[in-house]
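Colleague: Structure incoming, see below.
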Amino acid sequence: MDTKLAWIAGFIDGEGTITIKRAKRGKYGKLYHLPYISCTQVNKERNFIALKVLQKTLGGSLSKYVQRPMDGDRIDTITWNVTSRKAKECAERLLPYLIIKKQQAQLLIKFTTLFVRKDKKTWLTDEEIEKREKFFYKMRTLNVKGKLRLQRLNEGTAKADVIV
20 MDTKLAWIAG
30 FIDGEGTITI
40 KRAKRGKYGK
50 LYHLPYISCT
60 QVNKERNFIA
70 LKVLQKTLGG
80 SLSKYVQRPM
90 DGDRIDTITW
100 NVTSRKAKEC
110 AERLLPYLII
120 KKQQAQLLIK
130 FTTLFVRKDK
140 KTWLTDEEIE
150 KREKFFYKMR
160 TLNVKGKLRL
170 QRLNEGTAKA
180 DVIV
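If you count the sequence shown from 1, you need to add 19 to reach this note's numbering.
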(Lines of atoms letter the chains of each structure in order from A; the text may use other names.)
(Lines give C-alpha, C1' and ligand atoms only; values in the text may rest on other atoms or scores of the structure.)
Protein backbone atom coordinates (compact mmCIF):
# COMPACT_ATOMS: atom_id res chain seq x y z
CA MET A 20 0.00 0.00 0.00
CA ASP A 21 1.30 3.43 -0.93
CA THR A 22 0.61 5.36 2.26
CA LYS A 23 1.20 8.77 0.66
CA LEU A 24 -1.38 8.09 -2.08
CA ALA A 25 -3.78 6.74 0.54
CA TRP A 26 -3.34 9.94 2.59
CA ILE A 27 -3.85 12.10 -0.52
CA ALA A 28 -6.99 10.14 -1.44
CA GLY A 29 -8.38 10.73 2.05
CA PHE A 30 -7.53 14.41 1.77
CA ILE A 31 -9.28 14.64 -1.63
CA ASP A 32 -12.25 12.62 -0.30
CA GLY A 33 -12.71 15.12 2.52
CA GLU A 34 -11.52 18.44 1.12
CA GLY A 35 -11.20 18.09 -2.64
CA THR A 36 -13.26 18.26 -5.79
CA ILE A 37 -13.34 15.78 -8.65
CA THR A 38 -15.49 17.12 -11.46
CA ILE A 39 -15.95 17.99 -15.10
CA LYS A 40 -15.93 21.75 -15.56
CA ARG A 41 -17.99 23.34 -18.31
CA ALA A 42 -17.26 26.71 -19.84
CA LYS A 43 -17.90 28.71 -22.95
CA ARG A 44 -15.01 29.64 -25.17
CA GLY A 45 -14.44 31.82 -28.17
CA LYS A 46 -16.48 34.50 -29.80
CA TYR A 47 -19.26 32.04 -30.66
CA GLY A 48 -19.57 30.77 -27.11
CA LYS A 49 -18.95 27.11 -27.88
CA LEU A 50 -19.01 24.81 -24.85
CA TYR A 51 -16.02 22.84 -23.74
CA HIS A 52 -15.65 20.35 -20.90
CA LEU A 53 -12.56 19.90 -18.77
CA PRO A 54 -11.73 17.07 -16.33
CA TYR A 55 -10.69 18.82 -13.13
CA ILE A 56 -9.41 17.78 -9.69
CA SER A 57 -8.70 20.40 -7.06
CA CYS A 58 -8.38 21.16 -3.39
CA THR A 59 -8.66 24.63 -1.83
CA GLN A 60 -7.53 25.56 1.67
CA VAL A 61 -7.23 28.68 3.77
CA ASN A 62 -3.81 30.13 3.04
CA LYS A 63 -1.92 29.12 6.17
CA GLU A 64 1.54 27.59 6.30
CA ARG A 65 0.40 24.09 7.33
CA ASN A 66 -2.24 24.04 4.57
CA PHE A 67 0.33 25.19 2.03
CA ILE A 68 2.60 22.31 3.07
CA ALA A 69 -0.25 19.79 2.59
CA LEU A 70 -1.10 21.14 -0.87
CA LYS A 71 2.59 21.16 -1.80
CA VAL A 72 2.62 17.40 -1.06
CA LEU A 73 -0.23 16.98 -3.57
CA GLN A 74 1.64 18.99 -6.18
CA LYS A 75 4.94 17.16 -5.64
CA THR A 76 3.27 13.73 -5.78
CA LEU A 77 0.66 14.26 -8.52
CA GLY A 78 1.82 17.32 -10.43
CA GLY A 79 -0.53 20.15 -11.19
CA SER A 80 -0.33 23.74 -10.07
CA LEU A 81 -0.82 25.89 -6.99
CA SER A 82 -2.50 29.27 -7.09
CA LYS A 83 -3.20 31.82 -4.39
CA TYR A 84 -6.22 34.06 -4.00
CA VAL A 85 -5.49 37.20 -2.01
CA GLN A 86 -8.46 39.04 -0.58
CA ARG A 87 -9.18 42.49 -1.97
CA PRO A 88 -10.90 45.10 0.22
CA MET A 89 -14.00 44.98 -2.02
CA ASP A 90 -14.37 41.21 -1.41
CA GLY A 91 -15.62 41.80 2.12
CA ASP A 92 -14.68 39.13 4.60
CA ARG A 93 -13.46 36.52 2.12
CA ILE A 94 -10.34 34.71 3.36
CA ASP A 95 -7.06 34.31 1.43
CA THR A 96 -6.89 30.81 -0.06
CA ILE A 97 -4.52 28.54 -1.91
CA THR A 98 -5.68 25.97 -4.49
CA TRP A 99 -4.00 22.90 -5.97
CA ASN A 100 -5.46 21.58 -9.24
CA VAL A 101 -4.86 19.28 -12.18
CA THR A 102 -6.78 19.24 -15.45
CA SER A 103 -7.28 17.22 -18.63
CA ARG A 104 -5.03 14.18 -19.11
CA LYS A 105 -3.13 14.96 -15.92
CA ALA A 106 -6.47 14.78 -14.03
CA LYS A 107 -7.09 11.36 -15.54
CA GLU A 108 -3.64 10.14 -14.45
CA CYS A 109 -4.26 11.53 -10.97
CA ALA A 110 -7.68 9.85 -10.73
CA GLU A 111 -6.22 6.52 -11.86
CA ARG A 112 -3.49 6.67 -9.20
CA LEU A 113 -5.93 7.62 -6.42
CA LEU A 114 -8.82 5.33 -7.44
CA PRO A 115 -7.80 2.31 -5.31
CA TYR A 116 -7.77 4.50 -2.19
CA LEU A 117 -10.78 6.76 -2.75
CA ILE A 118 -13.97 6.04 -0.83
CA ILE A 119 -16.31 9.04 -0.99
CA LYS A 120 -15.30 10.30 -4.43
CA LYS A 121 -14.63 6.93 -6.08
CA GLN A 122 -17.60 7.24 -8.47
CA GLN A 123 -16.53 10.74 -9.50
CA ALA A 124 -13.01 9.49 -10.24
CA GLN A 125 -14.38 6.58 -12.29
CA LEU A 126 -16.62 8.93 -14.28
CA LEU A 127 -13.75 11.37 -14.87
CA ILE A 128 -11.53 8.53 -16.14
CA LYS A 129 -14.27 7.27 -18.45
CA PHE A 130 -14.97 10.80 -19.74
CA THR A 131 -11.27 11.41 -20.46
CA THR A 132 -10.85 8.00 -22.12
CA LEU A 133 -13.83 8.56 -24.43
CA PHE A 134 -13.20 12.17 -25.34
CA VAL A 135 -9.46 12.58 -25.76
CA ARG A 136 -9.12 14.57 -28.99
CA LYS A 137 -6.77 13.06 -31.52
CA ASP A 138 -7.19 15.71 -34.18
CA LYS A 139 -6.72 19.45 -34.17
CA LYS A 140 -10.23 20.47 -35.23
CA THR A 141 -11.48 23.59 -33.54
CA TRP A 142 -15.15 22.95 -32.82
CA LEU A 143 -17.09 19.95 -31.58
CA THR A 144 -20.21 18.77 -33.32
CA ASP A 145 -23.55 19.17 -31.54
CA GLU A 146 -23.61 15.40 -31.02
CA GLU A 147 -20.17 15.45 -29.35
CA ILE A 148 -21.24 18.31 -27.10
CA GLU A 149 -24.43 16.46 -26.15
CA LYS A 150 -22.44 13.34 -25.15
CA ARG A 151 -20.10 15.46 -23.00
CA GLU A 152 -23.05 17.27 -21.44
CA LYS A 153 -24.44 13.92 -20.26
CA PHE A 154 -21.19 13.26 -18.42
CA PHE A 155 -21.23 16.81 -17.02
CA TYR A 156 -24.75 16.38 -15.59
CA LYS A 157 -23.97 12.91 -14.24
CA MET A 158 -20.97 14.39 -12.41
CA ARG A 159 -23.14 17.22 -11.05
CA THR A 160 -25.55 14.64 -9.68
CA LEU A 161 -22.71 12.79 -7.95
CA ASN A 162 -21.35 16.01 -6.46
CA VAL A 163 -24.60 17.22 -4.86
CA LYS A 164 -24.12 17.48 -1.11
CA GLY A 165 -26.98 16.82 1.27
CA LYS A 166 -30.47 18.09 0.59
CA LEU A 167 -29.42 21.54 -0.57
CA ARG A 168 -29.00 21.83 -4.33
CA LEU A 169 -27.66 24.98 -5.87
CA GLN A 170 -29.13 25.76 -9.26
CA ARG A 171 -27.80 28.09 -11.88
CA LEU A 172 -30.11 30.95 -12.69
CA ASN A 173 -29.58 30.19 -16.35
CA GLU A 174 -28.60 26.59 -17.13
CA GLY A 175 -27.57 27.68 -20.62
CA THR A 176 -24.60 29.65 -19.35
CA ALA A 177 -21.40 28.25 -17.99
CA LYS A 178 -21.02 30.93 -15.32
CA ALA A 179 -23.94 32.35 -13.41
CA ASP A 180 -25.06 33.28 -9.92
CA VAL A 181 -26.78 30.63 -7.88
CA ILE A 182 -30.07 30.62 -6.04
CA VAL A 183 -30.72 28.72 -2.85
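Ideal Cβ placement from N, Cα and C applies to all residues, glycine included.
Where does Tyr51 sit, in a helix, a strand or coil, going by DSSP?
Modeller: Taking the sequence shown and counting its residues from 1, one reaches residue 51 at position 32. Of the three classes helix, strand and coil, the one that applies to Tyr51 here is strand, per DSSP.
Colleague: Is Thr144 helix, strand or coil when you go by DSSP?
Modeller: Within the sequence shown, numbered from 1, the residue matching residue 144 stands at position 125. Coil.
Colleague: DSSP state of Leu70, grouped into three classes?
Modeller: As a working mapping, residue 70 is identified with position 51 in the sequence shown. It is helical.
Colleague: So the alpha helix (DSSP H) Leu113 belongs to, where does it begin and stop?
Modeller: What you label residue 113 is simply residue 94 of the sequence shown in a count that begins at 1. Bounds of the alpha helix (DSSP H) holding Leu113 are 103-113.
Colleague: Under three-state DSSP, which class holds Leu117?
Modeller: In the sequence shown, the residue the question calls residue 117 occupies position 98. The answer is coil: DSSP assigns Leu117 none of H, G, I, E or B.
Colleague: Within this structure, are the beta carbons of Thr96 and Tyr84 separated by less than 8 Å?
Modeller: Along the sequence shown, read from residue 1 onward, the residue named residue 96 stands at position 77. Along the sequence shown, read from residue 1 onward, the residue named residue 84 stands at position 65. Yes, these two residues count as a Cβ contact at 8 Å.
Colleague: Take Trp26 as the anchor and find which of Leu161, Gln125, Phe130, Ile118 has the nearest alpha-carbon.
Modeller: Mapped onto the sequence shown, residue 26 falls at position 7. Ranking the options by Cα distance to Trp26, first place goes to Ile118.
Colleague: Taking Ser103 as the reference, which of Ala124, Tyr156, Thr59 has the closest Cα?
Modeller: As a first step, residue 103 is located in the sequence shown; it is residue number 84 there, counting from the start. Checking every option, the nearest Cα to that of Ser103 belongs to Ala124.
Colleague: Sorted by chain position, which residues of the same chain lie with C-beta nearer than 6 Å to Ala110's C-beta, five sequence neighbours on each side aside?
Modeller: On the sequence shown, position 91 is the one that residue 110 refers to. So the list reads Ala124, Leu127, Ile128, once near-sequence residues are dropped.
Colleague: Okay, do the segment 36-43 and the segment 51-65 touch, 3+ Cβ pairs below 8 Å being the bar?
Modeller: yes
Colleague: If I measure Cβ to Cβ from Asp32 and keep anything under 7 Å in the same chain, skipping five residues before and after, which residues do I get?
Modeller: Locating residue 32 in the sequence shown gives position 13, where the first residue counts as 1. In the same chain as Asp32, and ignoring 5 residues on each side of it, the C-beta atoms closer than 7 Å to its own belong to Leu117, Ile118, Ile119, Lys120, in chain order.
Colleague: Please tell me whether Thr59 and Thr22 are closer than 8 Å, where the distance is taken between their beta carbons.
Modeller: Locating residue 59 in the sequence shown gives position 40, where the first residue counts as 1. Locating residue 22 in the sequence shown gives position 3, where the first residue counts as 1. No; because the gap between Cβ atoms is not below 8 Å, this pair is not in contact.
Colleague: If you count every other CB in all the chains shown that lies within 10 Å of the CB of Ser57, and 16 or more means buried, which is it?
Modeller: What you label residue 57 is simply residue 38 of the sequence shown in a count that begins at 1. Classification of Ser57: buried, given that the 10 Å Cβ count is 16 or more.
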